[in-house]
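Each remark here refers to the structure printed beneath this line.
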Amino acid sequence: MYVICDNMAAHIMSKGLINIVIVGADRVAANGDIANKIGTMGVAISAKYFGIPFYVACPFSTIDMSAITGNDVIIEERGEKEVTHFGLKRTAPKGIKVRNPAFDVTPKNYNRYNNRKRNLKSTFLRKSKKDVFIKYYKLGSIKIQ
29 MYVICDNMAA HIMSKGLINI VIVGADRVAA NGDIANKIGT MGVAISAKYF GIPFYVACPF
89 STIDMSAITG NDVIIEERGE KEVTHFGLKR TAPKGIKVRN PAFDVTPKNY NRYNNRKRNL
149 KSTFLRKSKK DVFIKYYKLG SIKIQ
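Throughout, this note's numbering is defined as the position within the sequence shown, counted from one, plus 28.
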């Protein structure tokens, strides 16, 4: 078993050294889209490309019933200095535009567990005069070989 940084994932996957990916989630939208630390979507895309099972392990408390899809999750933008500076020293040109999102949203179809629909519980909730279908996912036992 390996623990690696997310920016190494595609390379290590391409070498056949990873047989499963398990990530956490900061928030799960009602439709199963997953909001997590920036880079999670890239790991999910790489896992799908290399045919590696991708799972999201999270408690029910991460399900955000107010977010119907991942598009409803507000993505925090962090300060520019995290990108333009190393410590107190500026390393980027003055006046350059910066994007520094803290999270990304991985579409539900990348989560293998969601696609299999095992151990699925569903309920209808009343919200804003419309019925919203909420899916709760409970991750079962995973054998790591």
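Ideal Cβ placement from N, Cα and C applies to all residues, glycine included.
Cβ neighbours of residue i in the same chain (closer than 8 Å, five flanking residues each side left out)
{"i": "N128", "result": "E105, R106, G107, E108, E110, V111"}
Assigned exposure category for residue i - 16 Cβ within 10 Å defines buried
{"i": "S51", "result": "In the sequence as presented, Ser is not what sits at residue 51; that position holds Val. Buried is the call here."}
{"i": "T68", "result": "buried"}
{"i": "N143", "result": "Because the pLDDT at N143 is just 34, under 50, the model does not fix this residue reliably, and the value given afterwards should be weighed accordingly. With fewer than 16 Cβ atoms within 10 Å of its Cβ, N143 is classed as exposed."}
{"i": "C86", "result": "buried"}
{"i": "N64", "result": "buried"}
{"i": "A120", "result": "exposed"}
Sequence-distant residues of the same chain with beta carbon closer than 7 Å to residue i, five excluded per side
{"i": "V126", "result": "E108, V111, T112"}
Chain-order list of residues whose beta-carbon lies under 6 Å from that of residue i (same chain, five-residue window excluded)
{"i": "F78", "result": "M41"}
{"i": "D34", "result": "G67, V71"}
Cβ-Cβ separation, residue j to residue i (assumed contact under 8 Å), whole Å
{"i": "A53", "j": "T90", "result": "5 Å"}
Is there contact here, the region 41-48 with the region 112-121, by at least three beta-carbon pairs under 8 Å? Judged by Cβ distances under 8 Å, the region 41-48 makes no contact with the region 112-121, as fewer than three pairs qualify.
Alpha helix (DSSP H) runs wholly inside the region 94-146, at least 4 long, in chain order: Counting only runs of 4 or more, we get 109-112, 140-144.
Where in the region 55-83 do unbroken runs of the beta strand (DSSP E), each at least 3 residues long, occur, reported from the N-terminal end onward? Here the runs fully enclosed are 55-57, 62-65.
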